[in-house]
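Residue numbering for the sequence shown follows the working numbering, beginning at 4 and increasing consecutively.
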Amino acid sequence: MLVVDKYTDDDYVLELNKLTKFRIKILNMISGYILRHLIQKNPVKHSLNIFSAGVVNAINKLNPDIVNIHWIGDNMLSIKEISKIKSPIIWTMHDMWAFSGCEHYDSFPGIRRYEDDYNKKDGIFDLNRIIYRYKKKKWSHINMQFVSPSRWLAECACRTSLIEGKRVHVIQNTIDHVVFDKVDKVCARKLLGLPQNRKLILFGAMSGTADHRKGFHLLNEALKYLSEKYATEYGLVIFGDKKDGDDIHGFPTYRLGTFYDELSIKLIYSAADVYVAPSLQDNLPNTLVESLAVGTPCIAFNIGGMPDLIINSKLGGLVTEVDSRALSIAILDVLNRNIDSNIIRNISLAERAEDNIAHKYEDVYLNA
Numbered sequence: 004m005l006v007v008d009k010y011t012d013d014d015y016v017l018e019l020n021k022l023t024k025f026r027i028k029i030l031n032m033i034s035g036y037i038l039r040h041l042i043q044k045n046p047v048k049h050s051l052n053i054f055s056a057g058v059v060n061a062i063n064k065l066n067p068d069i070v071n072i073h074w075i076g077d078n079m080l081s082i083k084e085i086s087k088i089k090s091p092i093i094w095t096m097h098d099m100w101a102f103s104g105c106e107h108y109d110s111f112p113g114i115r116r117y118e119d120d121y122n123k124k125d126g127i128f129d130l131n132r133i134i135y136r137y138k139k140k141k142w143s144h145i146n147m148q149f150v151s152p153s154r155w156l157a158e159c160a161c162r163t164s165l166i167e168g169k170r171v172h173v174i175q176n177t178i179d180h181v182v183f184d185k186v187d188k189v190c191a192r193k194l195l196g197l198p199q200n201r202k203l204i205l206f207g208a209m210s211g212t213a214d215h216r217k218g219f220h221l222l223n224e225a226l227k228y229l230s231e232k233y234a235t236e237y238g239l240v241i242f243g244d245k246k247d248g249d250d251i252h253g254f255p256t257y258r259l260g261t262f263y264d265e266l267s268i269k270l271i272y273s274a275a276d277v278y279v280a281p282s283l284q285d286n287l288p289n290t291l292v293e294s295l296a297v298g299t300p301c302i303a304f305n306i307g308g309m310p311d312l313i314i315n316s317k318l319g320g321l322v323t324e325v326d327s328r329a330l331s332i333a334i335l336d337v338l339n340r341n342i343d344s345n346i347i348r349n350i351s352l353a354e355r356a357e358d359n360i361a362h363k364y365e366d367v368y369l370n371a
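Pasting the structure below:
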């Protein structure tokens, strides 16, 4: 695995040399300046990737049989460099960047410019349109296939001419079920300093309370509907965000901050009675994958890749209407049901065990 920054002692993970990393840092500063002045209407993350840092040289020097691209935003690998990779390419899409302009997700709600090749110009200098056409020019003859973790993202990709004629496979993300195993709820709460006498609703996302796409405002409204009757029985746990803040609508609110180690993250999911992911737009979020792995039920709206994860009511609740009142009803339903955490974990093992996902990737590699 070739990465910009290495955080493990695994010999199979290779870090780019200091000069290449320095080039990427400088190119990010230049790209950031351009994007701040030219991107206005879609607030999601954008990556230009039009400047080459020389990463393709490192890839071709390794002479791999297959190159499996994952997330290469922020100028790690330029559009032109991708076309210079000598090996067959398998691209695992974690967002829409592979088939869009420079935006990682389309504008919300649902302005899918990639469906008509960005033909309708957006402003005097339409950077997304320019980047989309540049990708099309550079990638049209590449030996490249795509993997989507969700059926939704695969369907989106197949509606763009940028990927026309190229195969798109659906393979979910795997998770290490040995690392993300069940922890006794009483023990998890004791270690985290959380109360034993309340049902705990969990929300987590990087800066999620401020990111409209993550839908915290809808959870906030849902809690307001529940507050009068249940504020003395339930509590709210938030992780991945700042630690300071007031209680929300009378519910004791435990803000744990940001964690990067797997043990702490596993404890947080294990301590909760339900994990709520009210995202308005998402692929196959790791937070749900992790929660299901430890056996904690999940609630989400029926959008994006959520139906691929919450496949039945034994795993929690899939809310058909993007509405805060409907979300509050789903929270009540899940908390009042005696959902078996062992069933949740067993389904997760069947769907996302490492061996199963590895065999699916092997089939793709052998036919590349």
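Beta carbons are placed, not taken as given, at the ideal position from N, Cα and C, and that holds for glycine.
- Using a Cβ-Cβ distance cut-off of 8 Å, the segment 122–140 and the segment 173–188 are not in contact, since fewer than three pairs of beta carbons, one from each stretch, lie closer than that value.
- Contact check between the segment 201–211 and the segment 229–247: three or more CB pairs, one atom from each, fall below 8 Å, which counts as touching.
- For the segment 120–154, the full-length alpha helix (DSSP H) segments reaching 4 residues or more read 130–142 along the chain.
- If you draw a 10 Å sphere on the C-beta of Lys-28, you find fewer than 16 other C-beta atoms in it, and that means exposed.
- By the criterion of a C-beta distance shorter than 7 Å, Gly-218 is surrounded in its chain by Pro-281, Ser-282 and Leu-283, once the five residues flanking it on both sides are discounted.
- Between the alpha carbons of Leu-221 and Tyr-10 lies a gap of roughly 35 Å.
- Lys-123 has its alpha-carbon roughly 29 Å from the corresponding atom of Pro-152.
- DSSP places Tyr-263 in the coil class of the three-state scheme, outside both helix and strand.
- Rounded to whole angstroms, the Cβ separation of Ile-62 and Leu-19 is 10 Å, and the two are not in contact under 8 Å.
- The continuous alpha helix (DSSP H) containing Cys-190 extends over residues 188–195.
- Only buried fits Trp-155, as 16 or more other CB atoms lie within 10 angstroms of its CB.
- Val-322 is positioned such that its CB atom lies closer than 8 Å to that of Ala-329.
- Each of Ser-344, Lys-227 and Pro-255 was checked against the Cα of Ile-332, and the nearest Cα belongs to Lys-227.
- According to the DSSP assignment, His-362 belongs to the alpha helix (DSSP H) that extends over 357–369.
- In this structure, Asn-176 lies away from Val-16, with their beta-carbon atoms at least 8 Å apart.
- Bounds of the alpha helix (DSSP H) holding Phe-219 are 219–233.
- Looking at the backbone, the Cα of Val-182 and that of Met-32 are separated by about 37 Å.
- In the structure shown, Ala-56 falls within a coil segment according to DSSP collapsed to helix, strand and coil.
- Leu-270 and Leu-195 do touch by the CB rule: their CB atoms are close to 6 Å apart, below 8 Å.
- Checking the DSSP bridge columns, you'll see Val-279 partnered with Ile-302.
- Contact between the segment 139–149 and the segment 79–99 is present: 3 or more CB-CB pairs across the two stretches fall below 8 Å.
- The Cβ neighbour count for Ala-361, taken over all protein chains shown within 10 Å, is under 16; the residue is labelled exposed.
- Scanning its chain for C-beta atoms nearer than 6 Å, with the 5 sequence neighbours on each side dropped, one finds around Asn-71 the residues Ile-93, in chain order.
- Taking a contact to require three or more Cβ pairs closer than 8 Å, the segment 74–90 and the segment 114–129 do not qualify as touching.
- The alpha-carbon of Lys-141 is positioned some 21 Å away from that of Tyr-108.
- A straight-line Cα-Cα distance of about 7 Å links Asp-98 and Asn-286.
- Cβ atoms of Glu-106 and Arg-162 stay farther apart than 8 Å, at about 15 Å.
- The bridge partners DSSP lists for Glu-158 come to none.
- In the three-state scheme derived from DSSP, where H, G and I count as helix and E and B as strand, Arg-258 is classed as strand.
- Note on geometry: alpha-carbon atoms of Phe-102 and Ala-296 lie some 30 Å from one another.
- Nearest neighbour of Ile-114 by Cα position, chosen from Asp-249, Ser-230, Ser-34 and Val-47, turns out to be Val-47.
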